[in-house]
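**Student:**
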Amino acid sequence: MFEAILVMALGAVVLGAALGYAAVRFRVEGDPLVEKIDAILPQTQCGQCGFPGCKPYAQAIAKGEAEINQCPPGGDEGIHKLADLLGREFKSLSAEHGIEKPKSVAVIDEQSCIGCTLCIQACPVDAIVGAAKQMHTIVAPLCTGCELCLPPCPVDCISMQPIGESVETWKWKYPVFKINPAKREAA
Amino acid sequence: MTSYLFIILGAVLVNNVVFVRILGLCPFMGVSKKLETAIGMGAATTFVLTMACGASFIIDRWLLMPNQLEYLRTLSFIVTIAAIVQLTELVIQKTSPLLHQVLGIYLPLITTNCAVLGIPLLNVSLRHNFLESLLFGFGSAVGFTLALILFAGIRERLEAADVPIHFRGTAIAMITAGLMSLAFMGFAGLDKYK
Amino acid sequence: MTALQRLFKFNGGVKPAYNKEASTGLPIAVAPTPTLLVIPLHQSIGGMPRPLVTAGERVLKGQRIGGADGNVSSAVHASTSGTVVAVEMRLMPHASGLSALCVMIEPDGRDEWIPRQPFDFRSATPTQTRDYLRDAGVVGLGGAVFPTYLKLNPGKQGKLDTLVLNGAECEPFITCDDVLMRERAATILKGVVIMREILSAGQVLIGIEDNKPEAVAAMEIAARAANQAAGDSAIGVVSVPTRYPAGGAKQLIRVLTGIEVPHGKRSTDYGVQCFNVGTAYAVYEAIALGQPLISRIVTVAGNVTQARNYEVLFGTPMRDLVALCGPLADSDRVIMGGPMMGLLMPDDSVPVVKATNCVLVGSKKLFPPPPPEMPCIRCGECAKACPADLQPFEMYWFSRAKIFGKAQEYNLFDCIECGCCAYVCPSHIPLVDYYRFAKSEIWAREIEKEAADVARERYEFRLLREEREKQEKAAKLAAKTAAGREKAAAAIAEAAKPAATPEEDAKKALIAAALERAKAQKELVHPGNVSDLTPEQQAEVAAIEARRAEIREMAKPHLRQDD
Amino acid sequence: MNNSPYFLKPASVQSVMLRVLVALLPGIAAYVWFFGAAVLVQIALASVTALAAEAVMLRLRDKPVMLFLSDGSALVTAWLIALTFPPIVPWWLTVIGVLTAIVVAKHLYGGLGQNPFNPAMVGFALMIVAYPSLMSQWPAAGFTDFVPQWNAIFGSRELDAITMATPLDALRTALHTADARATVAGVLGSNATFGNVGGKGWEWVAAGYFLGGLYLLQQRIITWHMPVAFLATLFVISGGFSFYDASRFAGPGFQLFTGGAMLAAFFIVTDPVSGCTTPRGKLIFAAGIALLTWIIRTFGAYPDGIAFAVLLMNIATPLIDMYTQPPVFGHKIKGEDS
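Protein chains in written order, with the numbering used here: chain A, -19 to 167; chain B, 538 to 731; chain C, 381 to 943; chain D, 1053 to 1390.
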């Protein structure tokens, strides 16, 4: 009995000392996971996830402080990718953070714009050009569709317009060939 | 010399740790979705298992047996393995961040791998000497890696198969593992050839 | 010289029924000018040209109506003289069935050319020549419509080993290159001579499939004449074995020179460049005659009583063309291109464009609907037929499951969509459709990824800038307070002055004032600038307002609570 | 309306499968000639079971039953099972074997084209593991009386009169268990089941399969890679070992013409779905099966190792295919990119 305790205690002390020494000796900083998560996020910078941008959200996910289903612009596909990367189960998009919408760009109604520059300050990617008391306009290719410019606008002159399909952006559809499936409900 | 070869071959094929001894199924099912991770896991397991076999032999022969403490075998082996895994992880993290990035999340998983405990215990019951223990551990780990890689190859293809919805995921993976096990039964008797 | 040419082989390929005799019986005819020309601005690979004309304008034949935009783009011209009726969205000859910007010209029947003069490319710099060809709208007429000026660049070495001229024309039914070579071989060769000079090419190999003996003969005579004129024997006509897709640029280059040009690499880097025979003809017309590309030879074949080749002005509706050939009653579709790679047109009103080598009329009898798609049994027939040495069944396996990364690992983008795999598939799987689907999904994702990267960069830059501004402001404030203290010390001696309003306050006041103005405007219902409008304009404004309200209404549920 | 290409080469899965069945006929004819009509009963039994199981599974999975049933793939599996099982096994053994093949090995993976394992071999391997003694009762050549065979399948199992160990089995038992003096020549010489090169009668069945295989090659349904690699590897390795010690290792003629070697070479190994598809992969795959077959036959516990060898190589198929892809057009020259 005494020997048993002695042996186990000896083992615990030796291994504990080795591990403790290694933990100090081989300490490393930095987390490459955040970069990987950030690469999956759509970079809309809309803040719908509850964090002030995609990078902070990525950091929160990496630390385990946020769920992976809080990003509406990323949609189900983004959640699937995050689940794959982190080895977690897929969860459908959390309703409180918003819904997945077709990709849109903001459009300023240039007649009503009063040139207040509030939207310019709100835009996370500097996609709005204009100066004080001058009409503003949105550089459509740069707009991420985050909608952050909508609330500050005092005259509600910004609207979101879905991006339509053109001959250039048109995609070939998934080939579906109808073959009559076995009719189970029939008869 | 031939007997050493037979130990390795026997551990890799005839008594494959996954398909015949049915050990280590947890990482076998968990880390075999992609070929890359399967290779990483296999490499990490090979290293840890070989080390664990050596360390457990030393503990068993020079610490437990002289003191008639064989009943502490399971306990002390688990502690040793856990420590080796932790130590390995810390060292790799420092010395080779690249390797750590590949193996990183799989290393801690090895602690809970029953194969890593089972093989040292089998070493004891098969009365292997130190070199045999190491070879047996290495061979078993290679067998584990082989199983993992082959399974990952099939699973990557299965991912795109039109599997009936109720059988998708783990269900079909279990069936596949069963059929692979069936195939490995073909090796039965090879190690008993005179 | 032809007999001694050593030929190489490409793997794979198929031998479908060629059906070419039907349209080679009659010589090329000129298709009549239609009552309305619909000329799409986007007719080549690359950027969409800017429209240069507006409705109501009179244009001359050959006048530029679309200017090249961007590094890869090619101009578009009026096919005849007349009046621009409109510049608007019209149905495109494209598989999507979507519309794009087109210039509608009502011909005046006078067919009045712009002043034409030959371009002296010998005294022009290479850049000038290329700009000229870009503005003449010359593009590859084999079907890919890649701007020719970009290919007429000898590359790093400044010269080219081999200029390959593609007269193989391997697609069934299509004979437009065949008849062009039979009837206008000498002109093609004149174009070849010009191209050879621009490219400083060593030798010229004209590859023609051996099922076109008449074309081979005609081209040989013309080539001999050209060689005599030049005093060398650089131009050779080579008849190549008939096997689809021998007319694929990469396959033909391989057959004639043994060089394999990998996907995504320029063939000039391998010392070889390939042009269609029709392109050589167009180059001659543009440079020697000063005529931009406004028409081409089009084969009309398939389910018609008399298949034939026509010289067609761009913008002519396919319907008019088909009518010339007497379509059979059971015709149910129009295909642009051949039966292996052609695109199904949304309807027969779409215009003939630069890419239209063939207008193929189809019917259920001629092109029966494929038997039901069966599962892939991995028989490997597709891999045997693939001219790009791919593993089509693997690409299909992962494309079908939408695992695009894996499909790409199997070199999906080396696929030339020739259709050989689908042609031989015993399970009747529309393999090419799966590849097109996977490719366009991957492209879309890549564009999305690029946009995300730009957004990330701009966001990070913005954060950086804000940080810097904050620091600058703080520094300024610190300096100010320091200065302020000194002043204050002095001020105490004098008397207290009212502190200057900070900048922010002024700004806020300004905004508030503007807000007031806007509110006032809104309360007036009609903004000031719309008080003196015609009733029509007012109606328009009202409609716009209604639309805006609608959009706002629609947007409301999407907005977050705190909005 | 479909997209390009708008016309297709006349070919279909159905015609492929039908020609495979036709190719099996010469072997079946020899089988009946030497061993009686029992095999025909088994083929019928297996066919009915397979078609029924296929229909039920298709219906459960909401697939078009008639369309997929008529592709003939279930019949090929059924025939292969009937031809690899001993012809006098009880009926329920065949039924379970076929059900395993069709339901578990084929439809749980998504049906035709998606199964990673050869269904017939899964059926065979499971049965030989579960019922080793029933699966090694083979009729001796010449006993073609139908009644006792029928009884063996459906009724009482008075089998001693009509069964005999196959040459493979006899040789293995003798060499493994008997005294050290047993030699290949000695065992085969004293065994009544041994014919000219392989088993008596079996060598002619194998010849029939060979003939059918040539037909498949001529029809371009299979390529030369797999049969040649399989037969050549088996020939070389058994020849080499026989040359090294003829008393302990049987020669190539024996290896090629006994057991299922010939059937495997042209009909089992060549299954496109579960086997390798790249040309180099096919060579490795078939050679691997031959090597494993020889090892299991010579050193292992089971009489004929083909089923296990096929399944083992099936496991490795995805990896072999992945690493043996032929170079893509334009990617052939190495070092161009750098």
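Think of the CB as a built atom: it goes at the ideal place given N, C-alpha and C, for glycine as much as any other residue.
Ignoring anything shorter than 3 residues, give me the beta strand (DSSP E) runs that lie fully in the segment 476 to 538 of chain C, in order along the chain.
**Tutor:** Segments of the beta strand (DSSP E) lying fully in the segment 476 to 538 of chain C: 479 to 487.
**Student:** Report the option in R7(A), G110(A) and P22(A) whose CA atom is closest to the CA atom of C51(A).
**Tutor:** On the first sequence, residue 51(A) is found 71 positions in, with the first residue counted as 1. Considering only alpha carbons, the answer is P22(A).
**Student:** Please confirm if L685(B) has its CB atom under 8 angstroms from at least one CB of chain D.
**Tutor:** Walking along the second sequence from the start, residue 685(B) turns up at place 148. Not an interface residue.
**Student:** Should A(-16)(A) be flagged as near chain B, meaning a C-beta pair shorter than 8 angstroms?
**Tutor:** The residue labelled residue -16(A) in the question sits at position 4 within the first sequence. Taking Cβ atoms only, chain B reaches closer than 8 angstroms to A(-16)(A), which makes this a yes.
**Student:** So, with DSSP's three-state summary, where would you put G1124(D)?
**Tutor:** Position 72 of the fourth sequence holds residue 1124(D). Residue state, collapsed to three classes: coil.
**Student:** Roughly how many angstroms lie between the CA atoms of Y650(C) and H1383(D), to the nearest whole one?
**Tutor:** For the purposes of this step, residue 650(C) is taken as the residue at position 270 of the third sequence. For the purposes of this step, residue 1383(D) is taken as the residue at position 331 of the fourth sequence. Answer to the nearest angstrom: the Cα atoms are 13 angstroms apart.
**Student:** Would you mind giving the Cβ-Cβ distance between L1160(D) and I712(B), rounded to the nearest angstrom? I have them listed as a contact below 8 angstroms.
**Tutor:** Taking the fourth sequence and counting its residues from 1, one reaches residue 1160(D) at position 108. Taking the second sequence and counting its residues from 1, one reaches residue 712(B) at position 175. Confirmed, about 6 angstroms.
**Student:** What do you get for A1237(D), buried or exposed, if any count of 16 or more other CB atoms within 10 angstroms of its CB means buried?
**Tutor:** In the fourth sequence, counting from the first residue as 1, residue 1237(D) sits at position 185. So A1237(D) counts as exposed.
**Student:** Tell me, which residues are paired with P731(C) by DSSP?
**Tutor:** Here residue 731(C) refers to the residue found at position 351 of the third sequence. Answer is P697(C).
**Student:** At the 8 angstroms Cβ level, is N553(B) part of the contact set with chain A, yes or no?
**Tutor:** Within the second sequence, numbered from 1, the residue matching residue 553(B) stands at position 16. By this cut-off, N553(B) is not an interface position.
**Student:** Kindly indicate which residue of I702(B), E696(B) and L685(B) has the alpha-carbon position closest to the one of G561(B).
**Tutor:** The residue given as residue 561(B) occupies position 24 in the second sequence. Out of I702(B), E696(B) and L685(B), L685(B) has the C-alpha closest to the C-alpha of G561(B).
**Student:** Please list the segments of the alpha helix (DSSP H) lying wholly inside the segment 1092 to 1171 of chain D, counting only runs of 4 or more residues, in order along the chain.
**Tutor:** Segments of the alpha helix (DSSP H) lying fully in the segment 1092 to 1171 of chain D: 1117 to 1121, 1125 to 1136 and 1143 to 1151.
**Student:** If you run the structure through DSSP and keep just helix, strand and coil, what is D712(C)?
**Tutor:** As a position in the third sequence, residue 712(C) is number 332, starting the count at 1. Looking at D712(C) - three-state DSSP - the assignment turns out to be strand.
**Student:** Among L545(C), N791(C) and D700(C), whose alpha-carbon lies nearest the alpha-carbon of P1379(D)?
**Tutor:** On the fourth sequence, residue 1379(D) is found 327 positions in, with the first residue counted as 1. Checking every option, the nearest Cα to that of P1379(D) belongs to N791(C).
**Student:** Using a cut-off of 8 angstroms between C-beta atoms, extract the partners of A575(B) located in chain C.
**Tutor:** Along the second sequence, one-based indexing puts residue 575(B) at 38. Going along chain C, no residue has its Cβ under 8 angstroms from A575(B), so there is no contact; the nearest lies around 15 angstroms.
**Student:** At the 8 angstroms Cβ level, is F179(A) part of the contact set with chain B, yes or no?
**Tutor:** Because chain A is modelled from -19 through 167, residue 179(A) falls outside the range shown and cannot be assessed.
**Student:** From the DSSP output, in three-state form, read off M803(C) for me.
**Tutor:** Position 423 of the third sequence, counted from the first residue, corresponds to residue 803(C). Going by the sequence as given, residue 803(C) is Tyr instead of Met. In this structure, Y803(C) counts as helix in the three-state DSSP scheme.
**Student:** Would D1124(D) and A1153(D) be called neighbours here (beta carbons separated by less than 8 angstroms)?
**Tutor:** The residue you call residue 1124(D) lines up with position 72 of the fourth sequence. The residue you call residue 1153(D) lines up with position 101 of the fourth sequence. Sequence inspection shows Gly at residue 1124(D); the Asp mentioned does not correspond to that position. It is not a contact, given that the beta carbons lie outside the stated cut-off.
**Student:** Answer yes or no: do R865(C) and D106(A) have a C-beta to C-beta separation smaller than 8 angstroms?
**Tutor:** For the purposes of this step, residue 865(C) is identified with residue 485 of the third sequence, where counting begins at 1. For the purposes of this step, residue 106(A) is identified with residue 126 of the first sequence, where counting begins at 1. No; because the gap between Cβ atoms is not below 8 angstroms, this pair is not in contact.
**Student:** Give the single residue among D699(B), P701(B), R610(B) and T539(B) whose Cα lies nearest to the Cα of S662(B).
**Tutor:** For the purposes of this step, residue 662(B) is taken as the residue at position 125 of the second sequence. It is R610(B) whose Cα lies nearest to the Cα of S662(B).
**Student:** Throw me the rounded Cβ distance for the A75(A) and I118(A) pair, which I believe falls under 8 angstroms.
**Tutor:** By one-based count along the first sequence, residue 75(A) stands at place 95. By one-based count along the first sequence, residue 118(A) stands at place 138. Incorrect: roughly 29 angstroms between the Cβ atoms, too far for contact.
**Student:** Answer with buried or exposed for A710(B), where buried requires no fewer than 16 other C-beta atoms within 10 angstroms of its C-beta.
**Tutor:** As a first step, residue 710(B) must be located in the second sequence, where it is residue number 173. Its Cβ being crowded by 16 or more others within 10 Å, A710(B) is buried.
**Student:** Using DSSP with H/G/I as helix, E/B as strand and the rest coil, what is E437(C)?
**Tutor:** The residue given as residue 437(C) occupies position 57 in the third sequence. Coil at E437(C), not helix or strand.
**Student:** Looking only at its chain, what residues have a beta carbon closer than 7 angstroms to the beta carbon of P878(C), apart from the 5 residues adjacent to it on each side?
**Tutor:** Counting from 1 along the third sequence, the entry for residue 878(C) is found at position 498. Its pLDDT being 47, under 50, P878(C) is placed unreliably in this model, and the coordinates cannot settle the point.
**Student:** Return the chain-ordered list of same chain residues with a C-beta closer than 7 angstroms to the C-beta of T648(C), the five sequence neighbours on each side being excluded.
**Tutor:** For the purposes of this step, residue 648(C) is identified with residue 268 of the third sequence, where counting begins at 1. Excluding residues within five positions, the ones whose Cβ falls inside 7 angstroms are N533, P534, G535 and L540.
**Student:** Hey, would you say D449(C) sits closer than 8 angstroms to M472(C), going by beta carbons?
**Tutor:** As a first step, residue 449(C) is located in the third sequence; it is residue number 69 there, counting from the start. As a first step, residue 472(C) is located in the third sequence; it is residue number 92 there, counting from the start. No.
**Student:** How about T1101(D) and V1147(D): do their beta carbons lie closer than 8 angstroms?
**Tutor:** Within the fourth sequence, numbered from 1, the residue matching residue 1101(D) stands at position 49. Within the fourth sequence, numbered from 1, the residue matching residue 1147(D) stands at position 95. Contact flag set, yes.
**Student:** Can you tell me the Cβ-Cβ gap for I568(C) and V620(C), rounded? I've got them flagged as a contact below 8 angstroms.
**Tutor:** As a first step, residue 568(C) must be located in the third sequence, where it is residue number 188. As a first step, residue 620(C) must be located in the third sequence, where it is residue number 240. So it is not a contact: roughly 17 angstroms between Cβ atoms.
**Student:** Between L1151(D) and the rest of its own chain, which residues show a CB-CB distance below 6 angstroms, the 5 nearest in sequence each way excluded?
**Tutor:** Stepping through the fourth sequence from its first residue, residue 1151(D) is reached at position 99. Around L1151(D): A1105.
**Student:** Within the same chain, show all residues whose beta-carbon is closer than 6 angstroms to that of L1344(D), passing over the 5 residues directly before and after it, in chain order.
**Tutor:** Here the question's residue 1344(D) lines up with position 292 in the fourth sequence. Here the set comprises A1361 and L1364.
**Student:** Are the CB atoms of P707(C) and P731(C) within a distance shorter than 8 angstroms?
**Tutor:** Counting from one through the third sequence, the residue named residue 731(C) turns up at place 351. Counting from one through the third sequence, the residue named residue 707(C) turns up at place 327. Not a contact, by the Cβ cut-off of 8 angstroms.
**Student:** Does DSSP put V652(C) in a helix, in a strand, or in coil?
**Tutor:** For this step, residue 652(C) is matched to residue 272 along the third sequence. In the structure shown, V652(C) sits in a strand (DSSP, three-state: E or B).
**Student:** According to DSSP, simplified to helix, strand and coil, what is M578(B)?
**Tutor:** Within the second sequence, the letter at position 41 stands for residue 578(B). Residue state, collapsed to three classes: helix.
**Student:** Nearest to L601(B) by CA position, among P82(A), C99(A), G(-9)(A) and P142(A), is which residue?
**Tutor:** Here residue 601(B) refers to the residue found at position 64 when the second sequence is read from its first residue. Closest option to L601(B), Cα to Cα, is G(-9)(A).
**Student:** Taking the C-alpha atoms as reference points, what is the distance between H906(C) and S139(A)?
**Tutor:** Numbered from its first residue, the third sequence carries residue 906(C) at position 526. Numbered from its first residue, the first sequence carries residue 139(A) at position 159. Residue placement at H906(C) is flagged as unreliable, the pLDDT there being 46, under the threshold of 50; the coordinate-derived value follows with that caveat. Roughly 20 angstroms separates the two Cα atoms.
**Student:** Please classify S613(C) as buried or exposed, where buried requires at least 16 other C-beta atoms within 10 Å of its C-beta.
**Tutor:** Mapped onto the third sequence, residue 613(C) falls at position 233. Exposed, because fewer than 16 other Cβ atoms sit within 10 Å of the Cβ of S613(C).
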